[in-house]
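A.B. asks: Here you go, one structure.
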Amino acid sequence: MNQTYKDNKAYKAGKWVVEFFLTNWFFVVLGVAIALAHLYPNFARQGGLIRSEYSITYGAVAIIFLISGLSISTKTLTANLSHWRAHFTVLTMSFLITSSIVFGICSGIRAAKDPLIDDWLLVGLIVAHSCPTTVSSNVVMTKAAEGNDVLTVSEVVVGNVLGAFITPTLVQFYMQGGWDFGNPSHQETVMTVGDLYRNVMKQIGLSVFVPLFVGQMIQNLFPRQIKWCLTTFRLLKVGSFMLILIMFQSFSTAFAQDAFTSVSHASIIFVVFFNIAIYLFFTVITYLYLRPRLLLRIFATEPTVTDSKLYKWGYKIFRPFYYNRRDTVAIMLCGPSKTAALGVSLVSSQYGTYNPKLGILLVPLVLYQAEQVFTAQILVHFMKRWIHAEDIKEDKETGSLLRNSDGELPPCKEPSVETLSLKS
Numbered sequence: 001m002n003q004t005y006k007d008n009k010a011y012k013a014g015k016w017v018v019e020f021f022l023t024n025w026f027f028v029v030l031g032v033a034i035a036l037a038h039l040y041p042n043f044a045r046q047g048g049l050i051r052s053e054y055s056i057t058y059g060a061v062a063i064i065f066l067i068s069g070l071s072i073s074t075k076t077l078t079a080n081l082s083h084w085r086a087h088f089t090v091l092t093m094s095f096l097i098t099s100s101i102v103f104g105i106c107s108g109i110r111a112a113k114d115p116l117i118d119d120w121l122l123v124g125l126i127v128a129h130s131c132p133t134t135v136s137s138n139v140v141m142t143k144a145a146e147g148n149d150v151l152t153v154s155e156v157v158v159g160n161v162l163g164a165f166i167t168p169t170l171v172q173f174y175m176q177g178g179w180d181f182g183n184p185s186h187q188e189t190v191m192t193v194g195d196l197y198r199n200v201m202k203q204i205g206l207s208v209f210v211p212l213f214v215g216q217m218i219q220n221l222f223p224r225q226i227k228w229c230l231t232t233f234r235l236l237k238v239g240s241f242m243l244i245l246i247m248f249q250s251f252s253t254a255f256a257q258d259a260f261t262s263v264s265h266a267s268i269i270f271v272v273f274f275n276i277a278i279y280l281f282f283t284v285i286t287y288l289y290l291r292p293r294l295l296l297r298i299f300a301t302e303p304t305v306t307d308s309k310l311y312k313w314g315y316k317i318f319r320p321f322y323y324n325r326r327d328t329v330a331i332m333l334c335g336p337s338k339t340a341a342l343g344v345s346l347v348s349s350q351y352g353t354y355n356p357k358l359g360i361l362l363v364p365l366v367l368y369q370a371e372q373v374f375t376a377q378i379l380v381h382f383m384k385r386w387i388h389a390e391d392i393k394e395d396k397e398t399g400s401l402l403r404n405s406d407g408e409l410p411p412c413k414e415p416s417v418e419t420l421s422l423k424s
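Numbering (full-length UniProt numbering), first residue to last: 1 to 424.
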């Protein structure tokens, strides 16, 4: 009887639907959220019914970092915050490399004088890729890939704090010459640079620093109880729901400002495909930047007492720039990604909330946020498999201690008597 029931076509179809939803629930719920944002934009837009600039911008992001604070040890967090090599790599990739490449591409597109591509849309692309790494999706995706999510939290903190200063500077630098029409200094805005920094610091402080600190305090006071709560209630999954809420807010704001109707359909299609292509391209560039084969050739072996001081210092300073796999995945998810939560504030603060071009400027950033999450959600499965591919045997390329997130190297090995006799 049971077998006959299971062979029923309706049962098979229902089972397939349930399995499909459980496997792809993130994409399904995100699609529903975007549809609702289109139908009811005033519900979750900034200044809307639920005042999402507080309830979501602060609340949802704060929950993500509260859970991060509850789940990571203070010692590990401190070690990753002092990982200066990772900070240097992420900052150069996130701000300098990505923005300069996009600026070059947009300059070429503008030189072609295609009437279908709006010049302000190209300005929006440049501004979007001058923004810091995203606040929330990096942490969620790195955890899903089982990368070094503690390093990701550190890079989010460092990148977004410095981004309040770096992003306006980059925009001013790029918007010169032929791009002078898009310079924020020529726009009518009532917000000063001091107001911009103050708003960004308040948002980072209340949505990142405070919940992270509270989570650390609770975890150290009640370690066993917190571990039980994390596993029993699967709190690590909550971050994905918060991420959907953040994108729900971004799309609601964009729809409310008529961002997608202020440019041609050709421009929207161009941005959609450009975003996917550039995200994948930057992911590959980041990987090559993190694991350069040249370092393995120059520093093939750990230094011994017989090696020169130049080799020893070179090995100590430069060899850790070849990152282990967990750190590589964390930085690969940080480097190409851009924040919409802070990015919208940075853009509207520089160009003015009532700027008639604001909707066009926000299109690339809002679309990029959604597309980077879609793409990363697919890539994390391959990243997770790649990380665990080295669990069977030691990663000889990075060395045993390079598995540690602080990037420090072991002391020089003393050669054995047999080794000395062979070298002599």
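From the three backbone atoms N, C-alpha and C, an ideal C-beta is built for every residue, glycine too.
1) When DSSP labels each residue in this structure, what does T304 get in the three-state scheme?
2) So, using beta-carbon positions, are A33 and M242 closer together than 8 Å?
3) Between A10, I63, Q172, which lies nearest to V208 when the distance is taken from Cα to Cα?
4) Sort A145, W313, V373, S137 by Cα distance to F27 and report the nearest one.
5) If you drop the 5 nearest sequence neighbours on each side, which residues of the same chain put their C-beta closer than 7 Å to that of V157?
6) If distances are taken between C-alpha atoms only, which option among V123, I105, K15, A13 comes closest to V347?
7) Can you tell which of G205, G159, T133, L116 has the C-alpha that lies nearest to the C-alpha of Y279?
8) How close, in whole Å, do the beta carbons of D118 and V263 come, if the pair is a contact with beta carbons under 8 Å?
9) Please classify Q225 as buried or exposed, where buried requires at least 16 neighbouring CB atoms within 10 angstroms.
10) CB F250 to CB V140, shorter than 8 Å?
11) I need the DSSP call for Q257, collapsed to helix, strand or coil.
12) Applying the criterion that 16 or more other CB atoms from any shown protein chain within 10 Å of the CB defines a buried residue, is R198 buried or exposed?
13) Apply the 10 Å Cβ neighbour rule to I298 and answer buried if 16 or more other Cβ atoms are within range, or exposed otherwise.
14) Does C106 come out as helix, strand or coil in the three-state DSSP assignment?
15) Within a Cβ cutoff of 6 Å, which residues of the same chain sit near residue 428, ignoring the five residues on either side of it in sequence?
16) Leaving out the 5 sequence neighbours to the left and right, which residues in its chain are closer than 8 Å to W386 when beta-carbon positions are compared?
17) In the DSSP assignment, find the alpha helix (DSSP H) that holds F213 and state where it starts and stops.
18) I need the straight-line Cα distance from T92 to Y11, nearest angstrom please.
19) Looking at V210 and S136, is the spacing between their C-beta atoms short of 8 Å?
20) Just mark R293 as buried or exposed, buried being the case when its beta carbon has 16 or more other beta carbons within 10 Å.
21) Measure the C-alpha to C-alpha separation of H83 and K338 and round it to an integer number of angstroms.
22) So for Q225, helix, strand or coil by DSSP?
23) Between the stretch 13-23 and the stretch 216-232, do at least 3 Cβ pairs fall closer than 8 Å?
24) In terms of residue numbering, what span does the alpha helix (DSSP H) encompassing residue 443 cover?
C.D. replies: Per the coordinate set shown:
1) The residue given as residue 304 occupies position 304 in the sequence shown. Strand.
2) Position 33 of the sequence shown holds residue 33. Position 242 of the sequence shown holds residue 242. No; because the gap between Cβ atoms is not below 8 Å, this pair is not in contact.
3) Working through the sequence shown from its first residue, we reach residue 208 at position 208. Per the Cα distances, I63.
4) Numbered from 1 along the sequence shown, position 27 holds the residue referred to as residue 27. It is V373 whose Cα lies nearest to the Cα of F27.
5) Counting from 1 along the sequence shown, the entry for residue 157 is found at position 157. Counting only Cβ-Cβ distances below 7 Å, and skipping sequence neighbours, we find V208.
6) Translated into positions along the sequence shown, residue 347 becomes position 347. Looking at the Cα atoms, V123 is the closest of the given residues.
7) Here the question's residue 279 lines up with position 279 in the sequence shown. Comparing Cα positions, the closest option is T133.
8) Residue mapping note: residue 118 aligns to position 118 of the sequence shown, counting from 1. Residue mapping note: residue 263 aligns to position 263 of the sequence shown, counting from 1. Confirmed, Cβ separation roughly 5 Å.
9) Sequence index remark: in the sequence shown, residue 225 carries index 225 (1-based). So Q225 counts as exposed.
10) Here residue 250 is taken as the residue at index 250 of the sequence shown, counted from 1. Here residue 140 is taken as the residue at index 140 of the sequence shown, counted from 1. Note that residue 250 is Ser in the sequence shown, not Phe. The answer is no: Cβ separation not under 8 Å.
11) For the purposes of this step, residue 257 is identified with residue 257 of the sequence shown, where counting begins at 1. Correct three-state label for Q257: coil.
12) Against the sequence shown, residue 198 aligns to sequence position 198. Answer is exposed; the Cβ neighbour count stays below 16.
13) Position 298 of the sequence shown holds residue 298. Under this definition I298 is an exposed residue.
14) Along the sequence shown, one-based indexing puts residue 106 at 106. In the structure shown, C106 sits in a helix (DSSP, three-state: H, G or I).
15) For residue 428 there is no data in the structure shown, the boundaries of the chain being 1 and 424.
16) Taking the sequence shown and counting its residues from 1, one reaches residue 386 at position 386. Closer than 8 Å at Cβ, skipping near neighbours: R325, V329.
17) Counting from one through the sequence shown, the residue named residue 213 turns up at place 213. It spans 210-221 - the alpha helix (DSSP H) in which F213 sits, taken as one unbroken run.
18) Here residue 92 refers to the residue found at position 92 of the sequence shown. Here residue 11 refers to the residue found at position 11 of the sequence shown. About 54 Å.
19) Taking the first residue of the sequence shown as position 1, residue 136 is located at position 136. Taking the first residue of the sequence shown as position 1, residue 210 is located at position 210. It is not a contact, given that the beta carbons lie outside the stated cut-off.
20) Within the sequence shown, residue 293 is the residue found at index 293, counting from 1. Exposed.
21) Taking the sequence shown and counting its residues from 1, the one referred to as residue 83 is at position 83. Taking the sequence shown and counting its residues from 1, the one referred to as residue 338 is at position 338. If I take the Cα positions, the gap works out to 21 Å.
22) The residue you call residue 225 lines up with position 225 of the sequence shown. Helix, per DSSP.
23) Under the Cβ criterion (8 Å, minimum of three pairs), the stretch 13-23 does not count as touching the stretch 216-232.
24) Limits of the chain in this structure are 1 at one end and 424 at the other, which puts residue 443 out of reach.
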